[in-house]
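Following: one structure in structure tokens, then a few remarks.
There are 2 protein chains.
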Amino acid sequence: MAINHNEKSTGANAASAAVGWQAQKSASTRQLIIEAAIKCLVDLGYARTTTTVIAAKAGLARGAMLHHFPSKIGIIRAAVDYLHAKRLRAFRKAMAKEPGAGADHVRMGVEGYWAHVKHPWFVAFFEMAVAARTDKELAAILFPAQEAFEHEWYQASLELFPEWKRKGENFVLGFDLSRYVLEGMAISFLTHKETERDKRVLRYLEEKLRELAGEDR
Amino acid sequence: MAINHNEKSTGANAASAAVGWQAQKSASTRQLIIEAAIKCLVDLGYARTTTTVIAAKAGLARGAMLHHFPSKIGIIRAAVDYLHAKRLRAFRKAMAKEPGAGADHVRMGVEGYWAHVKHPWFVAFFEMAVAARTDKELAAILFPAQEAFEHEWYQASLELFPEWKRKGENFVLGFDLSRYVLEGMAISFLTHKETERDKRVLRYLEEKLRELAGEDR
DNA sequence: CTTGAAACAGGATGATTTGACTGTTTTTTA
DNA sequence: TAAAAAACAGTCAAATCATCCTGTTTCAAG
Numbered sequence: 107m108a109i110n111h112n113e114k115s116t117g118a119n120a121a122s123a124a125v126g127w128q129a130q131k132s133a134s135t136r137q138l139i140i141e142a143a144i145k146c147l148v149d150l151g152y153a154r155t156t157t158t159v160i161a162a163k164a165g166l167a168r169g170a171m172l173h174h175f176p177s178k179i180g181i182i183r184a185a186v187d188y189l190h191a192k193r194l195r196a197f198r199k200a201m202a203k204e205p206g207a208g209a210d211h212v213r214m215g216v217e218g219y220w221a222h223v224k225h226p227w228f229v230a231f232f233e234m235a236v237a238a239r240t241d242k243e244l245a246a247i248l249f250p251a252q253e254a255f256e257h258e259w260y261q262a263s264l265e266l267f268p269e270w271k272r273k274g275e276n277f278v279l280g281f282d283l284s285r286y287v288l289e290g291m292a293i294s295f296l297t298h299k300e301t302e303r304d305k306r307v308l309r310y311l312e313e314k315l316r317e318l319a320g321e322d323r
Numbered sequence: 107m108a109i110n111h112n113e114k115s116t117g118a119n120a121a122s123a124a125v126g127w128q129a130q131k132s133a134s135t136r137q138l139i140i141e142a143a144i145k146c147l148v149d150l151g152y153a154r155t156t157t158t159v160i161a162a163k164a165g166l167a168r169g170a171m172l173h174h175f176p177s178k179i180g181i182i183r184a185a186v187d188y189l190h191a192k193r194l195r196a197f198r199k200a201m202a203k204e205p206g207a208g209a210d211h212v213r214m215g216v217e218g219y220w221a222h223v224k225h226p227w228f229v230a231f232f233e234m235a236v237a238a239r240t241d242k243e244l245a246a247i248l249f250p251a252q253e254a255f256e257h258e259w260y261q262a263s264l265e266l267f268p269e270w271k272r273k274g275e276n277f278v279l280g281f282d283l284s285r286y287v288l289e290g291m292a293i294s295f296l297t298h299k300e301t302e303r304d305k306r307v308l309r310y311l312e313e314k315l316r317e318l319a320g321e322d323r
């Protein structure tokens, strides 16, 4: 298990001595717990993501986990932040793969976000979003984080697709349309299988995005 | 909401006499329980829809409810069938309001399904669909019902919008596109508020549907 | 008017889940 | 080296849930 934790409190002082081994181990255990919680969200759903199964999936005793996260909501809070960072980073990375000026940004964007909404990270976020509808405590954690995510995601898109910059409203429309179509498709697959018809919707979406990129309105 | 079981002495026909008051009362109590369960799904989500709160919301003792539905999954099964029938009937009714040949079927369809996905019946179905992702027993009940619903819904759309009949693939594409956009929008509103931008997406969808209805491809 | 069946009520039981609690091992620091 | 701090382990009680069970009231056929 790679340690690879975020150096949260290492200031400007001595390089590695400042971060003791315990702190590193603690951080890695925290990440282990967070990733176990996300796996539980994907495999079992929010309701059955209990502290018992999180600890089991992390390979820890329940008491040990409660040492790092005294309450369940603390794990959820950490998972929300973790997913926020991971999803945004993955999106930027996928979009930055083809920096060429002649790259097909429309196809890249559609396929990139299509892959995104089928990724376990989106599934985990989605489980929490649905639960938050009827759970005020979860909503208080998730909504501000999601608002920040959407803002940063929008800014990243503007940055990565510079040719859209002058399009103004068309960019916003294409952005929103893509989001709703792709999220709607992904979520519809909860109850039915993907068919050839769905591929036609994706092709049609790309076609309309190209129109929006070409015209001025 | 009208239970329609008060006909115990007014009908006085062989039909109503054969049914018997007990059977009618039983049926009305069953419906009361089903509707209470749906309210719980909307208000509390699937996970917190327990037999205790269903009975409380129905105004019954738990033992009384267990007499009509020996198990929780039985209530869920009945609620799935109830929602199936109600949603389909409501869709047909809303679409049939303007039978004129000059009616704006595109706007009617978009606004009709937009209203549909914001209705509590869709919310209740959606809660079960999400739970079914990680609950095999629920999935075994919901998926066949949903498959039947989608087929009947598609047939009803073909029937109600006869001018699309000759369009073939364009009808299928418009049907799928509308579905994904509108469901995606409705579900996105779990985590953020509706804005002016979303109305533009709806107008754009209508515009594209008109194109699809007009052209042949 | 008696009797059986169904509607209705509510307690008992066993299984889970959460957070608090005490005890043990490992690491850091004085 | 010795003490303090942190990581880790496991048990406990309270609360909640689904189901099973027995008892009471209401209806309808004989």
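Each protein sequence line maps, in turn, to chains A and R. The numbering of the first sequence is this note's numbering, which starts it at 107 and goes up by one. The numbering of the second sequence is this note's numbering, which starts it at 107 and goes up by one. Here a beta-carbon is modelled for each residue, glycine too, at the ideal position from N, C-alpha and C.
- The beta carbons of ALA235/A and LEU248/A sit closer together than 9 angstroms.
- Look at the beta carbons and you see the stretch 165-182 of chain A touching the stretch 139-155 of chain A: at least three pairs across the two are nearer than 8 angstroms.
- Chain A has no Cβ within less than 9 angstroms of the Cβ of ILE179/R.
- Residues of chain A whose Cβ lies closer than 7 angstroms to the Cβ of ARG239/R are, in chain order, GLY151, LEU296.
- Residues of the stretch 244-271 of chain R with a C-beta less than 8 angstroms from any C-beta of chain A: LEU248, PHE249, GLN252, GLU253, GLU256, listed in chain order.
- Membership of GLU275/A in the alpha helix (DSSP H) is indicated by the continuous run 275-294.
- Shown here is that no member of the stretch 205-232 of chain R has a Cβ falling below 7 angstroms from a Cβ of chain A.
- If you check the CB distance, LEU288/R and GLY280/A do not come in under 9 angstroms.
- Inter-segment contact for the stretch 150-157 of chain A and the stretch 189-202 of chain A is absent: fewer than three beta-carbon pairs are separated by less than 8 angstroms.
- At a Cβ-Cβ threshold of 9 angstroms, ALA245/R and GLY218/R do not count as neighbours.
- Interface residue (Cβ-Cβ distance to chain A less than 9 angstroms): ALA235/R is classified as such.
- GLN252/R counts as buried, since at least 16 other C-beta atoms from the protein chains shown sit within 10 angstroms of its C-beta.
- Taking 9 angstroms as the CB threshold, MET201/A stays off the interface with chain R.
- In terms of beta-carbon proximity, ILE293/A lines the interface with chain R, with at least one pair separated by less than 9 angstroms.
- LYS242/A sits exposed, since fewer than 16 C-beta atoms from the chains shown fall within 10 Å of its C-beta.
- Taken through DSSP and simplified to helix, strand or coil, ALA237/R comes out as helix.
- In the three-state DSSP reduction, LEU318/R falls in the helix class (H, G or I).
- The Cβ atoms of VAL159/A and LEU311/A lie no closer than 9 angstroms to each other.
- Taken through DSSP and simplified to helix, strand or coil, ARG195/A comes out as helix.
- Classified as buried, HIS211/R has 16 or more neighbouring CB atoms from the shown chains inside 10 Å of its CB.
- In this structure, the straight-line span from the alpha carbon of ALA202/A to that of ALA196/A is close to 10 angstroms.
- An exposed status is given to ILE179/R, since fewer than 16 other beta-carbon atoms sit within 10 Å of its beta-carbon.
- With respect to the C-alpha of LYS314/R, the residue from HIS225/R, ALA185/R, ALA237/R, LEU283/R having the closest C-alpha is LEU283/R.
- Per DSSP, the continuous alpha helix (DSSP H) segment holding ARG168/A begins and ends at 168-174.
- Separation of the CB atoms of LEU308/A and ASN276/A is rounded to 20 angstroms, and the pair is thereby denied contact status at 8 angstroms.
- Selection GLY320/R, ARG303/R, VAL278/R evaluated against GLU302/A yields VAL278/R as nearest (Cα-Cα).
- Close CB contacts of ALA184/R within its chain, under the 6 angstroms cut and outside five residues either way in sequence, are with ILE140 (chain order).
- A residue is called buried when at least 16 other Cβ atoms come within 10 angstroms of its Cβ; ALA167/A does not meet this threshold and is exposed.
- Within the same chain, LEU194 come within 7 angstroms of GLU258/R by CB-CB distance, once the 5 residues on both sides are set aside.
- Interface residue (Cβ-Cβ distance to chain A less than 9 angstroms): GLY290/R is classified as such.
- At a beta-carbon threshold of 8 angstroms, none of the residues of chain R lie near ASP187/A; the nearest stands roughly 16 angstroms away.
- Interface residue (Cβ-Cβ distance to chain A less than 9 angstroms): VAL159/R is not classified as such.
- For a Cβ distance threshold of 9 angstroms, residue set TYR310, LYS314 of chain A lies close to LYS314/R, ordered along the chain.
- For the pair LEU138/R and ALA164/R, the CB atoms are nearer than the 9 angstroms cut-off.
- In this model, GLU269/R and ARG316/R are separated by some 12 angstroms (Cα to Cα).
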